[in-house]
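Peer 1:
Number of protein chains: 2
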Amino acid sequence: MTRADFSDMKIGKGVEWAAHSCALLALLPANAALALEALADFIGVPSPYLAKQMQLLSKAGIVKAKRGVAGGYKLARLPETISLWDITGAIDGTTPSFRCTEIRQKGSCGASSDEVLTACKIAASFKHAEDKFRQELNNVKLPELVAGIAQDVSDQRKSRIKTWIEQNAAFST
Amino acid sequence: MTRADFSDMKIGKGVEWAAHSCALLALLPANAALALEALADFIGVPSPYLAKQMQLLSKAGIVKAKRGVAGGYKLARLPETISLWDITGAIDGTTPSFRCTEIRQKGSCGASSDEVLTACKIAASFKHAEDKFRQELNNVKLPELVAGIAQDVSDQRKSRIKTWIEQNAAFST
DNA sequence: GCATTATGGATATTTTTTATCTTTAATTAA
DNA sequence: TTAATTAAAGATAAAAAATATCCATAATGC
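From first to last, the protein sequence lines are chains G and V.
Every letter in the first sequence is one number past the one before it in numbering that gives the first Met the number 0, and letter 9, counting from 1, is 8.
Every letter in the second sequence is one number past the one before it in numbering that gives the first Met the number 0, and letter 47, counting from 1, is 46.
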């Protein structure tokens, strides 16, 4: 397996988990919350690691956590205000993908630091490309995501999901 | 330093090296080539590892390598036909950044595989965003890159670079 | 044939990602 | 107030990937 078989431009799998978690939380009635264990059971991933992603979502203000009996997670904002970029940024961070090491200032013909006024064209190009990437993800809001995920789901399974939520969510009285 | 301080969407530093290497090769007269050691000296990085990047560029048909005395690297095509995406793809590969693990088929309400007809909306969204990223990089061709990098360079340094090339390139007679 | 230069494979090192566990803090109900 | 429940935070461990180097081999020109 050669080096080129992999792309360095990759998204951690925590993002996938977090996105599916948010999609599920978007289905909950307003008075309901889902505990970590229930979430992990639904999306089928180990709960200790999912806990980390949920903590990041919580810190980013995307979900709201409540401790104690009948606690758990729910969305902190309206689904329309949560984009796939919000989720990606919360989990994987927002540092630029391209890290400029200022090659221009290195080597036998390297420029001095006061000569280098503008950002390197290579770094600037990646920044520009990344902006497009981000804009695109920012246009995908949670309702669209939920609809897209539900597209293939049969009515039968939809009702099974509804039942699962009723049985596993914690409802505040 | 928390997890969210880093982005998973990152570009390997080999891409930066390769891009600068190509930018330098674009300055060479048609009958000249640059040996690995000279290239590494110019951009100021260790030659054993740069060798790997150059091999990938060579396999991708972006540069042409010639062994033996007065051998070295030169561009394999016209600079106008080489984009920053070509270089990125050659070094870091072209596999999608988002890896869908089919969460839809996992967990307690998971769908069966024959129920899942279309790509998951999450994966599709990332694919779409990545297409934009790629298109943007594909629009940046080597001449634009060279011009951008040269922008800050003083006339004095430009002539120093010219001299360096004359002294370090291998010219075919 | 000989010197030179790239190639390919093997390997080592470091960093990052993935994953788990344990202790602590918060919340609710009895 | 106490007990049960649940998330938060930190430490740590294991696995994977990126980064870096070396060596033997193949090609090229003189």
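Built from N, CA and C at the ideal position, the CB exists for glycine as well.
Would you mind telling me which residues of chain G sit closer than 7 Å to V:F97, beta carbon to beta carbon, in chain order?
Peer 2: I10
Peer 1: Would V:R159 and G:C108 be called neighbours here (beta carbons separated by less than 8 Å)?
Peer 2: yes
Peer 1: Return the first residue and the last residue of the beta strand (DSSP E) that G:K131 is part of.
Peer 2: Element bounds for G:K131: not the beta strand (DSSP E) but the alpha helix (DSSP H), 120-137.
Peer 1: Applying the criterion that 16 or more other CB atoms from any shown protein chain within 10 Å of the CB defines a buried residue, is V:Q52 buried or exposed?
Peer 2: buried
Peer 1: Thinking just about the alpha-carbon of each residue, which of V:R66, V:V152, V:V145, V:G67 is nearest to the one in G:S111?
Peer 2: V:V152
Peer 1: Quick check: the stretch 42-51 of chain V against the stretch 163-172 of chain V, are at least 3 beta-carbon pairs closer than 8 Å?
Peer 2: no
Peer 1: With a threshold of 8 Å between beta-carbons, can G:E79 be considered close to chain V, or not?
Peer 2: G:E79 is outside the set of residues whose beta carbon lies under 8 Å from a beta carbon in chain V.
Peer 1: Between G:A25 and G:P78, is the Cβ-Cβ spacing less than 8 Å?
Peer 2: yes
Peer 1: Assuming V:A17 and V:I148 form a contact by the criterion Cβ under 8 Å, report the distance between their Cβ atoms to the nearest whole angstrom.
Peer 2: Actually they are not in contact, since the Cβ atoms of V:A17 and V:I148 sit about 14 Å apart, beyond 8 Å.
Peer 1: Closest by CA to V:C119, which one among V:G106, V:S96, V:I164, V:I102?
Peer 2: V:I102
Peer 1: How would you write the range of the beta strand (DSSP E) that V:L74 sits in, first residue to last?
Peer 2: 71-74
Peer 1: Please report how far the alpha carbon of G:N167 lies from the alpha carbon of V:G106, in whole angstroms.
Peer 2: 13 Å
Peer 1: Just checking: is the beta-carbon of V:F170 within a distance shorter than 8 Å of some beta-carbon in chain G?
Peer 2: The beta carbon of V:F170 sits no closer than 8 Å to any beta carbon of chain G.
Peer 1: For G:A128, is the beta carbon positioned less than 7 Å from some heavy atom of the ligand HEM?
Peer 2: Only the bare structure without any ligand can be found here, which leaves the ligand HEM out of the picture.
Peer 1: What did DSSP end up calling V:V62 once you bin it into helix, strand or coil?
Peer 2: strand
Peer 1: Please go through the stretch 8-61 of chain G and give each complete alpha helix (DSSP H) segment of 4 or more residues, from N-terminal end onward.
Peer 2: 12-24, 35-42, 46-58
Peer 1: Which residues, in order along the stretch 124-137 of chain V, keep a beta-carbon less than 7 Å from a beta-carbon of chain G?
Peer 2: Residues S124, F125, H127, A128, E129, K131, F132, E135, L136.
Peer 1: Taking the alpha-carbon of V:Q104 as reference, which of G:I42, G:A29, G:E135 has the nearest alpha-carbon?
Peer 2: G:I42
Peer 1: Any beta-carbon of chain G closer than 8 Å to the one on V:E36?
Peer 2: no
Peer 1: Could you spell out the range, first to last residue, of the alpha helix (DSSP H) harbouring V:L144?
Peer 2: Looking at the DSSP string, the run of the alpha helix (DSSP H) that includes V:L144 is 141-149.
Peer 1: On the three-pair Cβ rule with 8 Å, is the stretch 82-93 of chain V touching the stretch 126-141 of chain V?
Peer 2: As far as the Cβ criterion goes, the stretch 82-93 of chain V touches the stretch 126-141 of chain V, which means the pair count is three or higher.
Peer 1: By the three-class DSSP mapping on this structure, what secondary structure does G:A168 have?
Peer 2: Three-state DSSP puts G:A168 in coil, outside helix and strand.
Peer 1: Which same chain residues, not among the five before or five after V:G11, have their C-beta less than 8 Å away from its C-beta?
Peer 2: I90, D91
Peer 1: On the premise that G:K9 lies in contact with V:L96, defined as a C-beta separation below 8 Å, what is that separation, rounded to the nearest angstrom?
Peer 2: Checking the displayed sequence, the identity of residue 96 of chain V turns out to be Ser instead of Leu. 5 Å between Cβ atoms; contact.
Peer 1: Could you tell me the distance, in whole angstroms, from the CA atom of G:K131 to the CA atom of V:K126?
Peer 2: Rounded to the nearest angstrom, the gap between the Cα atoms of G:K131 and V:K126 is 13 Å.
Peer 1: According to DSSP, which residues form a beta bridge with V:P82?
Peer 2: Residue 82 of chain V is actually Ser in this sequence, not Pro. Bridge pairing for V:S82: V:K140 [DSSP].
Peer 1: Would you mind stating whether G:L15 and V:I121 have Cβ atoms separated by less than 8 Å?
Peer 2: In the sequence as displayed, the identity of residue 15 of chain G is Glu instead of Leu. Cβ distance < 8 Å, so G:E15 and V:I121 count as in contact.
Peer 1: At the level of alpha carbons, what is the spacing between G:E143 and V:L141?
Peer 2: 39 Å
Peer 1: Rounded C-beta distance between V:G70 and V:A34? I'm assuming under 8 Å.
Peer 2: 7 Å
Peer 1: Hey, is G:S107's beta-carbon within less than 8 Å of any beta-carbon in chain V?
Peer 2: yes
Peer 1: Which residues, in order along the stretch 110-121 of chain G, keep a beta-carbon less than 7 Å from a beta-carbon of chain V?
Peer 2: A110, E114, V115, L116, T117, C119, K120, I121
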